[in-house]
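Only one structure is covered here, and it is reproduced in the block below.
In full-length UniProt numbering, the protein residues as written are 1 to 836.
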């Protein structure tokens, strides 16, 4: 009984003493080295003091001791620093592996699974899902993540410790990781599409990110510009490209074996083919070896050499126009409901698109589509359709002067297509505004607008970007007013005089041969008549004779000579020899100096001369009326020479001096015969081509002995006439100041004085020289008397001027009729004023 009471107490004392003894015995002496845990090893080494403190602070000691096997990448005191308390539990777990990993097993590129599992990131799927990865990099030294392994590994009972020189950084999310890479374009595109949040929060993603250069290799400049803009849905297509490089799942390179297809968030699979140990093809490119398996806490990134475009990405005319900076044009097309021209049209088109940077184009369209102005949907449509030509016209097919039929048809052209004029200069230029490679090309213009960059072909169509918007041709007057270089003031003035109701101006489907101002100068005195109220009807006929009742472009004029109907009624003869086009007329053959000037109602051709229609008879009488020479007309009437003024068959050249040099009508009426002789001495029967500048002698209507010579000044080249007499030393000269040709080949020449022989006559240079020489000889030989006599004799050759008033009336009435025959007619002053 007593023994039973003593044994329990003694046993308990024994157990207590044994336990204390065991605790006092050092563990290495009791169990040996193999029983040391990772924590023990850390405790024994002073370089891990801060690491132990961090483990104690985060309460990880007990958890680590429970690990059956582990690998620890242990940062030194220096790596952790004095802020050991700031090291988080998650960061410490990222230093532990669930297996023991010997140094020789740390191969370059190997991915190690850590014990770190983050909510909403890799490893949040429970115990069976791997945790965050860390990557081994190896050259001379071995790196695990950002930590370099230093020293020899420490073996513990439950694992291995590798000493590292830095605290491992937990991977960032995919979005943050992208921003740390030297991949600017793709990163910017994700930001532009507002996908940054998606990349930062979505877990288990694999990104195949192309290098920046890959975009310029896969997409042309204007395609990239389209993908970066809102025009035409560019950003939506950009999302297709981005999504085609994102796989919803984790694919490390170690998982890429053989040939396989992986789904993408865009919808279309992307092919992955491992060709050998180092080459892995992804889509159209391959993974760059030293840029694979870039770890993020919610996925992995592989850098690839090429962009892989999904089949869903399809470019068309609209998208190219957006990328070529013609976004305003696209918007105008959309508003007008003309999208069929730029969206996968089966019909090929040549598209002439105005560039966005030109504000004139923007203003023009706003003037049309603005609700505040009087415009119709038809006006808007015509403006836009004028920028489209059916058919694909490449640079090589464009020739200088080519007329392209636009998509605009109007009643002004009788239902025909309005044209666009092409000019091509062989002058070369280099143009690389919109293309990767510069090419040498001719200078091409459409309606005088330059193209920007080189044309771009897309599908069935081709696009030329213009410096401005095309303006449809104006009416005849506006077109001529806007032309630079040549002047058309006279033609425009003639239009206003003869066509006040704009009948010709608005006549649809016409061809106008428009004379330059110099052409009216050639008409001389005839143009004065045409502008005179009495000539208005003839002026209308002349203008109508320059208008064909059809649209006749130069390309429609055949080789040879042909007749075309005018709106005046008389046909016009047009002759073509190769590229030279002439228009034949009564007195002039006009040459087309500029072809195919487009107008709202047809086309104009610029000519250097005016044609007078056969229905218009230009007579001397009409020319005199245009000169407002009413007194001269009356003198012809008194002299009974009116038939010459109205003769339409037999030509005459009539020299018209200033009216003020003739006597008043009352005196002239008293001696019509004498007046007839005076006027007849100024009339040359027949025709003279004064433009040929030939020195010729002509017999006057008065007598065969009274002759007139037409000559040309040596210095100025201007014409003058001389009345030839019996004494060759003395010739009366009068300048021809204006000419008007009649329809029958004659003409009216306006001269600056009447042709007479009197005290005011001029010597010829030769005659004057001879007289001066004789005078000098007489003077130096002492023959002063002879000199005086000669001077008096010379004075007597003229007539004494008739005095004004009644004193001279009798003498004026007694003019010798033979004087006119000799060409010696005194000037007679008007009793009233002496002027006309």
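By construction, the Cβ of each residue, glycine as well, lies at the ideal position given by its N, Cα and C atoms.
Among the options, nearest to residue i - alpha-carbon criterion
| i | options | result |
| --- | --- | --- |
| residue 591 | 513, 410, 719 | 513 |
| residue 158 | 301, 191, 65, 661 | 65 |
| residue 79 | 493, 494, 67, 164 | 164 |
| residue 282 | 265, 658, 141, 245 | 245 |
| residue 695 | 117, 534, 713, 399 | 713 |
| residue 59 | 88, 41, 46 | 88 |
| residue 49 | 37, 62, 84 | 84 |
| residue 94 | 75, 116, 107, 171 | 116 |
| residue 73 | 114, 416, 53 | 114 |
| residue 204 | 193, 300, 260, 212 | 300 |
| residue 523 | 701, 451, 618 | 618 |
| residue 540 | 504, 525, 673 | 504 |
| residue 379 | 336, 720, 273, 462 | 336 |
| residue 662 | 682, 225, 652, 651 | 682 |
Residues of its chain near residue i, where Cβ-Cβ distance is below 6 Å and the 5 sequence neighbours each way are ignored
| i | result |
| --- | --- |
| residue 520 | 490, 527 |
| residue 217 | none |
| residue 122 | 132 |
Alpha-carbon to alpha-carbon, residue j and residue i
| i | j | result |
| --- | --- | --- |
| residue 550 | residue 575 | 17 Å |
| residue 414 | residue 570 | 22 Å |
| residue 705 | residue 677 | 13 Å |
| residue 507 | residue 552 | 14 Å |
| residue 580 | residue 408 | 30 Å |
| residue 563 | residue 582 | 12 Å |
| residue 199 | residue 178 | 9 Å |
| residue 431 | residue 742 | Low per-residue confidence applies at residue 431: pLDDT is 45, beneath 50, and the placement is therefore not dependable, though the value from the model is reported in the following sentence. Residue 431 and residue 742: Cα-Cα distance of roughly 57 Å. |
| residue 659 | residue 685 | 22 Å |
| residue 858 | residue 710 | Given that the chain is displayed from residue 1 to residue 836, the structure contains no residue 858 and the question cannot be resolved. |
| residue 418 | residue 510 | 13 Å |
| residue 239 | residue 342 | 22 Å |
| residue 577 | residue 322 | 46 Å |
| residue 43 | residue 62 | 14 Å |
| residue 723 | residue 707 | 6 Å |
| residue 567 | residue 502 | 14 Å |
| residue 434 | residue 108 | With a pLDDT of only 41 at residue 434, under the threshold of 50, the placement of this residue in the model should not be trusted; the figure read from the coordinates follows. So the two alpha carbons sit approximately 45 Å from each other. |
| residue 76 | residue 138 | 20 Å |
| residue 629 | residue 679 | 14 Å |
| residue 635 | residue 537 | 27 Å |
| residue 453 | residue 354 | 12 Å |
For residue i, the residue or residues it bridges with in DSSP
| i | result |
| --- | --- |
| residue 514 | 606 |
| residue 711 | 720 |
| residue 159 | 70, 156 |
| residue 925 | This structure leaves residue 925 out entirely; the chain is present only between 1 and 836. |
| residue 590 | 583 |
| residue 260 | 272 |
| residue 458 | 461 |
| residue 478 | DSSP lists no partner for residue 478. |
Residues near residue i by beta carbon distance below 8 Å, same chain, minus five either side
| i | result |
| --- | --- |
| residue 339 | 318, 333 |
| residue 306 | 210, 214, 217, 218, 283, 284, 285, 286 |
| residue 391 | 348, 349, 350 |
Exposure label - residue i; buried when at least 16 CB within 10 Å
| i | result |
| --- | --- |
| residue 175 | buried |
| residue 71 | buried |
| residue 173 | buried |
| residue 214 | buried |
| residue 668 | buried |
| residue 496 | exposed |
| residue 756 | buried |
| residue 447 | buried |
| residue 616 | buried |
| residue 396 | exposed |
| residue 223 | buried |
| residue 327 | buried |
| residue 810 | For residue 810, the predicted model reports a pLDDT of 34, less than 50, meaning its position is unreliable and no value from the coordinates is stated. |
| residue 263 | exposed |
| residue 314 | exposed |
| residue 692 | exposed |
Own chain residues within Cβ distance below 7 Å of residue i, not counting five before or after
| i | result |
| --- | --- |
| residue 884 | No answer is possible for residue 884: it lies beyond the span of the chain, which begins at 1 and ends at 836. |
| residue 533 | none |
| residue 275 | 281 |
| residue 196 | 175, 190 |
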